[in-house]
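Residue numbers (the numbering used here), protein chains in the order written: chain A, 2 to 377; chain B, 217 to 728.
For reference, the structure discussed in these notes is given below.
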Amino acid sequence: MKLLQCSLTPGGSWTDPVGSLDPQDASLVLAFGQRAPLAHPSVFDALKGRFPSAKIVFVSTAGSFSDTVIDDDAIVCTGIRFEKGTTTFAVQQLDSADRLAEVCRNLVASLAAPDLKHVLIFSDGSVVNGTTLSETFNESLPVGVTLSGGLAGDGTDFIQTLVGLDNPPEPGIIVAVGLCGSSLRIGFGSVGGWTPFGPKRSVTASTGNILQELDGKLALELYKTYLGSEADSLPASALRFPLYVTSPGQTNPVVRTILSIDEGKGTMTFAGDIPLNSTVQLMRASYEDLITGAEDAAIAAAQEAELVLCVSCVGRRIVLGQRVEEELEGVRAAFGKKPVITGFYSYGELAPSGSDHKCQLHNQTMTITSISESEV
Amino acid sequence: MIQHPLLLRQLRRNFGDDHASTPEFDKFIQQVEGAYYQCDHDRRLIENVLEVSSQELTEANVQLLAQNLRNEDLLTRLRQTLNLFEDKDALFAEKDLIRVAEEIERLVAGRQAVEKALRAAKEAADAANQAKSDFLANMSHEIRTPLNAIIGMAELLEYDSMRPDVKQCLRTIHTSGDVLLSLINDILDFSKIEAGQIEIEHVPMDLGMVVEESVNIVSSMASEKALDLKLVKDPRLPEAILGDPLRLRQVLLNLLMNAVKFTERGSITLTTNFKTDSEGKHFVDFAVRDTGIGIAPDQQERLFKIFTQADISTTRRYGGTGLGLAISRKLVQLMGGDITIQSALGEGATFHFSIPVISSEMPIVTKDLGAKPPLENYVLGKRCPLRILLAEDNKVNQQVVELMLNRLGYETVIVSNGQEVLNLLDKESYDLVLMDVQMPVMSGLEATGIIKAKAGQKPQIIALTANATREDRKICLEAGMDDYLAKPIRRDRLAAVIEETYLRKNGISLAD
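Structural data, given as structure tokens:
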């Protein structure tokens, strides 16, 4: 596996490359950037010029990084060439949210390869329901094929997310990259670091992923009370208090983060369903808890990796502020100096969890996929 | 420009008011200021969270304390009550005990009074309801007797008469009588439904046959108006189901007859559809669709109210009592469904109902009701010679049945009560006794019981009942009668029953 990492700056110049891969030889490029710089008309041609024989995946983010440095103005590019493994690609446009399952099945069908080992997903993050996406892939993928990735982001604006494969990125796109070959070794880790606090509350009114009432009172009002003066910067500020949701009849709670609010109706939309009669608790995190969480995710994914792809939640960036890079330093410490690290802050993380390695939508986590090709 | 007060103060203290600045230094200081502000924000947020959270927990605590106080109060009272019973010697306890006993007595007495009043009210209501039902039953019996005579006589004369104009007049008398009779039956039916006296049977029945019969019955009415009458039968209909063939036929006939009545041209279609729901329960959908005058949406619900038709002009133009649909709906509801309408004025109407069905494993007992060509006068008596005794107290009815039997080719001996039947049977033997149920001196049921209990050759006994209800039929058969004929006695039915009696007497089975 050969790698090359460099960034396209706003002025159109390239930073000094890290890695031994000749850009001409790259077969896959991951290009992460904030929506505005990524959508700049010159970006597509600049990347195609630099990586002429590569398939380029474009993803808008809430912050992109190479190694342990976040750069909100540049496009972070990681060129990859597998020595033994191969790649397959599939892209679909989601024109209606109802068709998501069908679109995911189409993606799986296009990726089909006898030695398919792992699928990287880069999906639109504003119209795609991450729960449906991961469930459909779980149903459709052959047994033993794992899946990870994330939903694109849009800074803290929550307006529009862009994804593209070898084309200028657009809203509503899902890109799937199939990694094939027995030489590939893939590791995973996904940890949050959040702690529930305060009273347990019951969901007394909700529809799908739209929450109206907790204990008979408007949920939005509760959030505003807790946020105090920070309520002015809703919905981003609500990411500081994700919900710890235990569905009725379930024992495994999930963490759900807020996506948007509707002041008129007094409702809040979350990144996954909040079923009626669920028990929920607000969650909080200290800097230290989040940074330790990221380290734990890295330890879970640790191996003699060559490439480490991190997908972290925008909520963590909001809480950590200027200290956000400390969670990346935690990842670096766990993996040592060798691997190339890249990744982005997202609106939803996808990674296998549990003993059966089924993919799940995570919220508010650091989710890590480590990749290497064995020497044998 | 730095604004954070602490940072400003620190800069001033360490570098003086107008320190030299470089772009690098300024950028660094700006980042430091950002971190200061973020720390402040975070601290404020955490303080606020602490504040709100502790308010919420304090509130929860207050509620818990209040709940606890209520519990303790309850516990104290419970303890005191228990002490009342344990501490018998204490003076205050005795007083309290008496007070408690008096209170209980008062409560019990009050409740008993209420219960008594309720019982009395219910009994009064039941009695009134029973009186109404009895009155209706008696009234309809009183009306029916002369009506039966009118219908029977008209039918007989129709057969006898050669003149077409007279035949037509007699036909009109006959059909008018029928209409009057069905009106009385409707009223009686409805009062029974209202009084909860109608029970839906669950006997093995041939669903397909009930549907076909219903269509056959209205087919002549439809062809008189040149209407196209169609039956679309779902091939998946189970052959045998458990149900109430009489009541189902009644509903289907009512809907089909209404359709014929309110359709001037076009077609009437009865559609049946077999369905199974997600829980595996079976249903049959019935739909009667016509191309008639239709019903405006705002009139549709009124249709099911008793004595109501779509509007007054309908009554003037089409006649009818407006009872049929109300009865049909009640019957369908008793069968576990409901009737709905789809219609618009001028666009025909579809009456639809769906009832749950249970397939029957048991065989269906049916009689061959196939239409036979009209029997010529005086023929049956020669083919099936029988000695027939008629027991009937009403003179007019005696005359009607005697005339009918005469035309069928039989000489008849007539007596007017059960005792006379017994007396006569002691002296002579008869093959068939046509026995009225209600007679003075000795009823038909009593006489039948005595006859059937005797040893030796016994005549077959056919009941003549005023009410063709199932209850009546059951009573007759339980008393030992072989069959029954509902009044008004129809010439064809009479002939059929006589023929069956003849076959039975000669040992030919009718079961198949």
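For glycine and all other residues, C-beta sits at the position ideal for the given N, C-alpha and C.
The structure presented is a predicted model; accordingly, all values stated were derived computationally and were not measured.
Checklist entry - Assuming residue 286 (chain A) contacts residue 320 (chain A) under a Cβ cut-off of 8 Å, what Cβ separation, rounded to an integer in Å, is found between them? => result As a working mapping, residue 286 (chain A) is identified with position 285 in the first sequence. As a working mapping, residue 320 (chain A) is identified with position 319 in the first sequence. Contact flag correct, Cβ pair sits at about 6 Å.
Item to check | C-beta atoms of residue 691 (chain B) and residue 650 (chain B) nearer than 8 Å | outcome: Residue mapping note: residue 691 (chain B) aligns to position 475 of the second sequence, counting from 1. Residue mapping note: residue 650 (chain B) aligns to position 434 of the second sequence, counting from 1. In this structure, residue 691 (chain B) sits away from residue 650 (chain B), with a CB-CB distance that is not shorter than 8 Å.
Item to check | Cross-chain neighbours of residue 230 (chain A) in chain B, by beta carbon under 9 Å | outcome: In the first sequence, the residue the question calls residue 230 (chain A) occupies position 229. 257, 260, 261, 264, listed in chain order.
Next on the checklist: Considering only their Cβ atoms, is the gap separating residue 462 (chain B) from residue 472 (chain B) smaller than 8 Å?
Outcome noted: Position 256 of the second sequence, counted from the first residue, corresponds to residue 472 (chain B). Position 246 of the second sequence, counted from the first residue, corresponds to residue 462 (chain B). Their beta carbons are not under 8 Å apart, which means residue 472 (chain B) does not touch residue 462 (chain B) by this criterion.
Next on the checklist: Assuming residue 137 (chain A) and residue 102 (chain A) are in contact, meaning their beta carbons sit under 8 Å apart, how far apart are those beta carbons, in whole angstroms?
Outcome noted: Position 136 of the first sequence, counting from 1, holds the residue named residue 137 (chain A). Position 101 of the first sequence, counting from 1, holds the residue named residue 102 (chain A). Yes, residue 137 (chain A) and residue 102 (chain A) are in contact; Cβ-Cβ is about 5 Å, under 8 Å.
Checklist entry - Is residue 273 (chain B) close to chain A, meaning its C-beta is less than 8 Å from at least one C-beta of that chain? => result Along the second sequence, one-based indexing puts residue 273 (chain B) at 57. Yes, because at least one Cβ of chain A sits closer than 8 Å to the Cβ of residue 273 (chain B).
Checklist entry - Mind pulling the chain A residues with CB within less than 9 Å of residue 282 (chain B)? => result Position 66 of the second sequence, counting from 1, holds the residue named residue 282 (chain B). Within chain A, no residue comes near residue 282 (chain B); the closest Cβ sits about 17 Å away, beyond 9 Å.
Item to check | Under the three-state DSSP convention, the category residue 201 (chain A) falls into | outcome: Position 200 of the first sequence, counted from the first residue, corresponds to residue 201 (chain A). In the structure shown, the three-state DSSP call for residue 201 (chain A) is strand.
Next on the checklist: Here's the rule I'm using: 16 or more other beta-carbon atoms within 10 Å means buried, otherwise exposed. How should residue 219 (chain B) be labelled?
Outcome noted: By 1-based counting over the second sequence, the position of residue 219 (chain B) is 3. By the neighbour-count criterion, in which a residue is buried when 16 or more other Cβ atoms sit within 10 angstroms of its Cβ, residue 219 (chain B) is exposed.
Item to check | Expected contact under 8 Å - CB spacing of residue 390 (chain B) and residue 371 (chain B) to nearest Å | outcome: Numbered from its first residue, the second sequence carries residue 390 (chain B) at position 174. Numbered from its first residue, the second sequence carries residue 371 (chain B) at position 155. Sure, about 6 Å apart at Cβ, within 8 Å.
Next on the checklist: Can you tell me whether residue 235 (chain B) is buried or exposed? The criterion is at least 16 other CB atoms within 10 Å of its CB, across all chains shown.
Outcome noted: The count along the second sequence starts at 1 and reaches residue 235 (chain B) at position 19. Label assigned to residue 235 (chain B): exposed.
Checklist entry - In whole angstroms, what is the alpha-carbon distance linking residue 408 (chain B) and residue 498 (chain B)? => result As a first step, residue 408 (chain B) must be located in the second sequence, where it is residue number 192. As a first step, residue 498 (chain B) must be located in the second sequence, where it is residue number 282. A direct Cα-to-Cα measurement between residue 408 (chain B) and residue 498 (chain B) gives close to 29 Å.
Next on the checklist: Suppose you measure from the CA of residue 245 (chain B) to the CA of residue 239 (chain B); what does that come to, to the nearest Å?
Outcome noted: Along the second sequence, one-based indexing puts residue 245 (chain B) at 29. Along the second sequence, one-based indexing puts residue 239 (chain B) at 23. One C-alpha to the other measures close to 10 Å.
Next on the checklist: Per the DSSP calculation, residue 352 (chain A) is bridged to which residue(s)?
Outcome noted: Here residue 352 (chain A) refers to the residue found at position 351 of the first sequence. In the DSSP output, where bridge partners are listed per residue, residue 352 (chain A) has A:361.
Checklist entry - By the criterion of Cβ-Cβ separation under 8 Å, what are the contact partners of residue 296 (chain B) in chain A? => result As a position in the second sequence, residue 296 (chain B) is number 80, starting the count at 1. Proximity of chain A to residue 296 (chain B) at the Cβ level (cut-off 8 Å) is not reached, the minimal Cβ distance being about 36 Å.
Next on the checklist: If you measure between the beta carbons of residue 420 (chain B) and residue 458 (chain B), is that distance less than 8 Å?
Outcome noted: Translated into the one-based positions of the second sequence, residue 420 (chain B) becomes position 204. Translated into the one-based positions of the second sequence, residue 458 (chain B) becomes position 242. Yes, they are a contact pair.
Item to check | residue 52 (chain A) at chain B interface by Cβ criterion, 8 Å | outcome: Reading the first sequence from its first residue, position 51 is the one you call residue 52 (chain A). Contacts with chain B at 8 Å (Cβ-Cβ) do not include residue 52 (chain A).
Item to check | residue 59 (chain A) to residue 34 (chain A) span [Cα, whole Å] | outcome: As a first step, residue 59 (chain A) is located in the first sequence; it is residue number 58 there, counting from the start. As a first step, residue 34 (chain A) is located in the first sequence; it is residue number 33 there, counting from the start. Looking at the two C-alpha atoms, the distance is approximately 8 Å.
Item to check | Per-residue DSSP class, three states only, for residue 233 (chain B) | outcome: On the second sequence, residue 233 (chain B) is found 17 positions in, with the first residue counted as 1. Correct three-state label for residue 233 (chain B): coil.
Checklist entry - Which residue comes first and which comes last in the beta strand (DSSP E) that contains residue 33 (chain A)? => result Here the question's residue 33 (chain A) lines up with position 32 in the first sequence. Residue 33 (chain A): member of the beta strand (DSSP E) spanning 29-35, first to last residue.
Item to check | chain A contact residues for residue 268 (chain B), given Cβ-Cβ distances below 7 Å | outcome: Counting from 1 along the second sequence, the entry for residue 268 (chain B) is found at position 52. Neighbours of residue 268 (chain B) on chain A, chain order: 226, 227.
Checklist entry - Buried or exposed: which applies to residue 228 (chain B), given that a residue is buried once 16 or more other Cβ atoms fall within 10 Å of its Cβ? => result Taking the second sequence and counting its residues from 1, the one referred to as residue 228 (chain B) is at position 12. Flag for residue 228 (chain B) reads exposed.
Next on the checklist: Please report the straight-line C-alpha distance between residue 710 (chain B) and residue 602 (chain B), rounded to a whole angstrom.
Outcome noted: By 1-based counting over the second sequence, the position of residue 710 (chain B) is 494. By 1-based counting over the second sequence, the position of residue 602 (chain B) is 386. Roughly 13 Å separates the two Cα atoms.
Item to check | Host alpha helix (DSSP H) of residue 18 (chain A) (start-end) | outcome: For the purposes of this step, residue 18 (chain A) is taken as the residue at position 17 of the first sequence. Element bounds for residue 18 (chain A): n/a, residue is neither H nor E.
Next on the checklist: I'd like the list of long-range same chain contacts for residue 184 (chain A), defined as Cβ closer than 6 Å, with 5 residues on each side in sequence excluded.
Outcome noted: Taking the first residue of the first sequence as 1, we reach residue 184 (chain A) at position 183. Counting only Cβ-Cβ distances below 6 Å, and skipping sequence neighbours, we find 85, 86, 374, 375.
Item to check | Cβ neighbour criterion (16 or more within 10 Å) applied to residue 239 (chain A) | outcome: For the purposes of this step, residue 239 (chain A) is taken as residue 238 along the first sequence, with counting starting at 1. The Cβ neighbour count for residue 239 (chain A), taken over all protein chains shown within 10 Å, is at least 16; the residue is labelled buried.
Item to check | Selection of the segment 308-324 of chain A by Cβ proximity to chain B, strictly under 7 Å | outcome: Along the segment 308-324 of chain A, going in chain order, the ones with a CB nearer than 7 Å to a CB of chain B are 322, 323.
Checklist entry - Do the CB positions of residue 41 (chain A) and residue 191 (chain A) come within less than 8 Å of each other? => result Mapped onto the first sequence, residue 41 (chain A) falls at position 40. Mapped onto the first sequence, residue 191 (chain A) falls at position 190. The criterion of a C-beta distance shorter than 8 Å is not satisfied by residue 41 (chain A) and residue 191 (chain A).
Item to check | Residues of the segment 193-217 of chain A whose Cβ lies closer than 9 Å to any Cβ of chain B, in chain order | outcome: Cβ contacts with chain B: 198, 199, 200.
Checklist entry - Can you tell me the Cα-Cα spacing of residue 68 (chain A) and residue 252 (chain B), whole angstroms? => result Position 67 of the first sequence, counted from the first residue, corresponds to residue 68 (chain A). Position 36 of the second sequence, counted from the first residue, corresponds to residue 252 (chain B). Residue 68 (chain A) and residue 252 (chain B): Cα-Cα distance of roughly 26 Å.
Next on the checklist: Taking the beta carbon of residue 208 (chain B) as the centre, do at least 16 other beta carbons fall within 10 Å, making it buried, or is it exposed?
Outcome noted: Residue 208 (chain B) is absent from the structure shown; chain B starts at 217 and stops at 728.
Checklist entry - Leaving out the 5 sequence neighbours to the left and right, which residues in its chain are closer than 8 Å to residue 362 (chain B) when beta-carbon positions are compared? => result Your numbering for residue 362 (chain B) matches position 146 in the second sequence. Excluding positions up to five away in sequence, the list reads 612.
Next on the checklist: DSSP three-state label for residue 545 (chain B), please.
Outcome noted: As a working mapping, residue 545 (chain B) is identified with position 329 in the second sequence. Looking at residue 545 (chain B) - three-state DSSP - the assignment turns out to be helix.
Next on the checklist: To be precise: take each residue of the segment 221-250 of chain B, compare its Cβ to all Cβ atoms of chain A, and keep it if any distance is under 8 Å. Which residues remain?
Outcome noted: If the cut-off is 8 Å between Cβ atoms, the segment 221-250 of chain B has 247, 250 near chain A.
Checklist entry - Counting pairs of Cβ atoms below 8 Å between the segment 88-98 of chain A and the segment 203-218 of chain A, do you hit three or more? => result No: fewer than three Cβ pairs fall under 8 Å.
Next on the checklist: If we define contact as Cβ-Cβ less than 8 Å, is residue 279 (chain B) a contact residue for chain A?
Outcome noted: Stepping through the second sequence from its first residue, residue 279 (chain B) is reached at position 63. Cβ-Cβ to chain A under 8 Å: no for residue 279 (chain B).
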